[in-house]
Amino acid sequence: RLAGSHLIRVQKGRAGGVFVENTPNAGIGRHLSESIAAMLESESVTLYELLEARMFLEVPLAGLAAERSDEATIASLTEAIADAVGRDPAGDEFRRADTRFHQTIAITAGNDLLVTFTSWILDVLQPSLIEHLGHAIDGDLIIGQHQAIVRAIRRHQRTAAERAMRRHIEYMGAVLRSVDGA
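Its first residue numbered 761, the sequence shown is counted upward by one per residue in the numbering used here.
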């Protein structure tokens with residue numbers, strides 16, 4: 761009953777046990793990520809569909825972040841970009857920097873429910889995309905896209921932040937189509 765409420769997590773195996781979730785949101789976010797991962801594994805959802813869903817979530821988050829950002833937000837985003845510079849887009853260091861960048865935007869948007877609902881993007885979609893197309897991603901282009909997003913957020917320009925995030929996600933879709941020959 762408690763596991764169903766997402767207040768605890770039961771993990772099987774040698775490292776298994778019953779673990780208390782930090783917050784109800786963390787439990788819901790983890791459950792959503794696990795469900796989407798299972799859907800992707802069973803091919804009941806595609807990377808294309810997940811990118812499309814990402815568009816509907818992250819574009820408005822970028823706009824909200826532009827309205828609600830402060831100097832700490834800009835510093836965090838700028839640091840994440842700096843940590844990605846010169847890194848292999850298929851590597852862990854680039855992925856971690858990218859994760860921090862997108863998490864900062866989601867958190868800055870100031871809506872805990874949306875942060876929870878977007879956790880699957882970083883938990884499931886991003887690693888799947890990196891595995892599938894990391895070799896084809898232009899890291900410098902991603903960094904430039906991230907800089908455009910930060911520029912709009914720094915200036916508190918909601919529409920420009922949304923447009924920059926949309927272009928970023930569209931680029932990932934274009935790389936996916938190119939790799940898949942679609």
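From the three backbone atoms N, C-alpha and C, an ideal C-beta is built for every residue, glycine too.
**OP:** Spatial neighbours of Arg918 within its chain, please: CB distance less than 7 angstroms, with the 5 preceding and 5 following residues excluded, ordered by chain position.
**Re:** Closer than 7 angstroms at the Cβ level, and outside the excluded window around Arg918, lie Gly823, Ala826 and Glu827.
Subject >> Coarse secondary structure for Pro887, derived from DSSP in three states >> reply: helix
Subject >> Local conformation of Leu937 per DSSP, three classes >> reply: The identity of residue 937 in the sequence shown is Arg, whereas the question assumes Leu. Residue state, collapsed to three classes: helix.
**OP:** Output yes or no for whether 7 angstroms exceeds the beta carbon distance between Ala924 and Ile909.
**Re:** Between Ala924 and Ile909, the C-beta spacing is below 7 angstroms.
Original post:
If you draw a straight line from the alpha carbon of Gly789 to that of Glu812, how long is it in whole angstroms?
Top reply: Straight-line measurement puts the Cα of Glu812 at about 19 angstroms from the Cα of Gly789.
Original post:
Can you tell me the Cα-Cα spacing of Met932 and Glu922, whole angstroms?
Top reply: 16 angstroms
Original post:
Mind checking whether the beta-carbon of Ile909 lies closer than 6 angstroms to any heavy atom of the ligand COA?
Top reply: Looking at this structure, you won't find the ligand COA or any other ligand, since it has none at all.
**OP:** Whole angstroms is fine: what's the gap from Gln905's alpha carbon to Arg927's?
**Re:** 8 angstroms
Original post:
Taking buried to mean at least 16 other C-beta atoms within 10 Å of its own C-beta, is His862 buried or exposed?
Top reply: When all chains shown are included, His862 counts as buried.
**OP:** With a threshold of 16 other CB atoms inside 10 Å of the CB of Phe816, please say whether the residue is buried or exposed.
**Re:** Burial call: exposed.
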